[in-house]
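Have a look at the structure below before the remarks.
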Amino acid sequence: MKTIKLIFAFCLLSFAVLAGEVTIKSSIVCDMCKATIEEGLAFEKGIKRVLVDVKANTIFVKFNEEKISEEEIKEKISKLGYVADDIKPVKEAYDHLHGCCKMPGVCEDE
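Using our numbering, the first residue of the sequence shown is number 54, and each one after it goes up by one.
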């Protein structure tokens, strides 16, 4: 019985060590932005959970640090057309966003 408890405890600790969390400031303005980001990150390898807070303009991501890094997550967000902390959105992706999802000044040539 002790062995089973030790194995279970080890598994829990191993999982906890691998789990990273980050809150990223972004250019979210509406529920369409929220849906785009949540759907765009939902099936990325290593991402466990995505919560978008439209009012706070933040994206909370829980992820497996062995499969994806914080920088890779930010790059994926920028490729969806949104700011990810200090990373600007990819212009082509930003241009394809719905009009209500665009913030003035996010891309240089606006």
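Glycine included, C-beta positions come from ideal geometry on N, C-alpha and C.
Contact between the segment 139 to 153 and the segment 111 to 119 is absent, with fewer than three C-beta pairs closer than 8 Å. Residue 137 counts as buried, since at least 16 other C-beta atoms from the protein chains shown sit within 10 angstroms of its C-beta. For residue 130, the secondary structure class from DSSP, reduced to helix, strand or coil, is helix.
Excluding five sequence positions before and after residue 120, the CB atoms of its chain that fall closer than 6 Å to its own CB belong to 98, 99, given in chain order.
Under the three-state reduction of DSSP output, residue 112 falls in the strand class. Within the DSSP bridge table, the entry for residue 76 names 113 as partners. Rounded to the nearest whole angstrom, the CA to CA distance from residue 144 to residue 102 is 26 Å.
Put simply, the backbone Cα of residue 95 is about 14 Å away from that of residue 86. Per DSSP, reduced to three states, the secondary structure at residue 139 is coil, with no helix or strand assignment. The beta carbon of residue 132 is closer than 7 Å to those of 143, 146 in its chain, skipping five residues each way along the sequence.
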